[in-house]
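Colleague: This is the structure, below, for whatever I ask next.
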Amino acid sequence: MTTNNADPAALAPRDLAIFVKSTPLPDVRALMSGDRRDALLREVFRRMPDVFRADRAVGLDAVIHWVIGDRPDGGVDRYQLEIADGVCRVSPVADREPKLTLTIGGADFLLVVTGNAHPVVLTMKGRLRTRGDLALIAKFPSLFDVPKV
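For the sequence shown, UniProt numbering gives the first residue as 1, with consecutive numbering after it.
This is the structure we're talking about:
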């Protein structure tokens with residue numbers, strides 16, 4: 001399957017992870033700056049509550065903002081995660097004060113959420129910028145079951 005004929009938003013999480021892993025980075029960048037970006041982002045965020053690990057979030061009450069760059073128009077997409085009472089809620093409207101803000105390019109976002117890049121490595125390389133609660137930054141990656149490929 002190539003990025004030209006694939007509908008990544010229709011793939012199951014593990015299949016999406018395999019697709020991203022087998023796709024050259026320039027093609028992932030093209031996908032995340034193309035016309036399928038919006039549907040793919042909506043689907044990834046729609047699935048986040050399903051892979052949320054409530055057992056790892058006991059006592060956590062936090063708002064997290066994702067700021068995802070490389071939109072075709074040069075802008076960013078913003079999504080809000082609210083974690084409270086063992087539940088993760090997602091919104092395309094970032095309207096609450098965040099404890100943590102994660103700013104990342106589109107391709108790197110897709111690599112992280114599919115388990116094909118580690119957020120700490122991207123942070124060290126300057127490709128993932130974090131702002132906010134240091135304890136939450138360290139804990140955040142463990143709050144979701146990322147596909148293993």
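Just so it is clear, CB atoms sit at the ideal spot from N, CA and C, and this is done for glycine as well.
In the DSSP assignment, find the beta strand (DSSP E) that holds valine 87 and state where it starts and stops.
Modeller: For this step, residue 87 is matched to residue 87 along the sequence shown. Per DSSP, valine 87 belongs to the beta strand (DSSP E) from 87-91.
Colleague: Pick out whichever of Val67, Val76, Val63 has its Cα sitting closest to the Cα of glutamate 97.
Modeller: Numbered from 1 along the sequence shown, position 97 holds the residue referred to as residue 97. Residue Val63 is the option with its Cα nearest to glutamate 97.
Colleague: Hey, how far is the Cα of threonine 123 from the Cα of lysine 148?
Modeller: Here the question's residue 123 lines up with position 123 in the sequence shown. Here the question's residue 148 lines up with position 148 in the sequence shown. If I take the Cα positions, the gap works out to 21 Å.
Colleague: Give a yes or no on contact between the segment 92-106 and the segment 25-41, applying the rule of three or more CB pairs nearer than 8 Å.
Modeller: These segments touch.
Colleague: Quick check on DSSP: helix, strand or coil for glycine 115?
Modeller: Residue 115 sits at position 115 when you count from the first residue of the sequence shown. Reduced to three states, the DSSP call for glycine 115 is coil.
Colleague: Who are the Cβ neighbours of glutamate 82 in its own chain at under 6 Å, not counting the five residues just before and after it?
Modeller: Locating residue 82 in the sequence shown gives position 82, counting from the first residue. Result list for glutamate 82: Val63, Arg89, in chain order.
Colleague: Assuming arginine 78 and leucine 143 make a contact with CB atoms under 8 Å, what is their CB distance in whole Å?
Modeller: Walking along the sequence shown from the start, residue 78 turns up at place 78. Walking along the sequence shown from the start, residue 143 turns up at place 143. That belief does not hold up - the Cβ atoms of arginine 78 and leucine 143 are roughly 19 Å apart, past 8 Å.
Colleague: Please check the pair leucine 110 and phenylalanine 140, which I expect to be a contact at CB under 8 Å, by giving their CB distance rounded to whole angstroms.
Modeller: As a first step, residue 110 is located in the sequence shown; it is residue number 110 there, counting from the start. As a first step, residue 140 is located in the sequence shown; it is residue number 140 there, counting from the start. Incorrect: roughly 17 Å between the Cβ atoms, too far for contact.
Colleague: Taking DSSP as the reference, what is the three-state secondary structure of leucine 128?
Modeller: Within the sequence shown, numbered from 1, the residue matching residue 128 stands at position 128. Here leucine 128 sits in strand by DSSP.
Colleague: Judging by CA-CA distance, which residue of Ser33, Asp38, Glu43, Gly34 is the nearest neighbour of leucine 16?
Modeller: One-based indexing of the sequence shown puts residue 16 at position 16. Closest by alpha carbon: Glu43.
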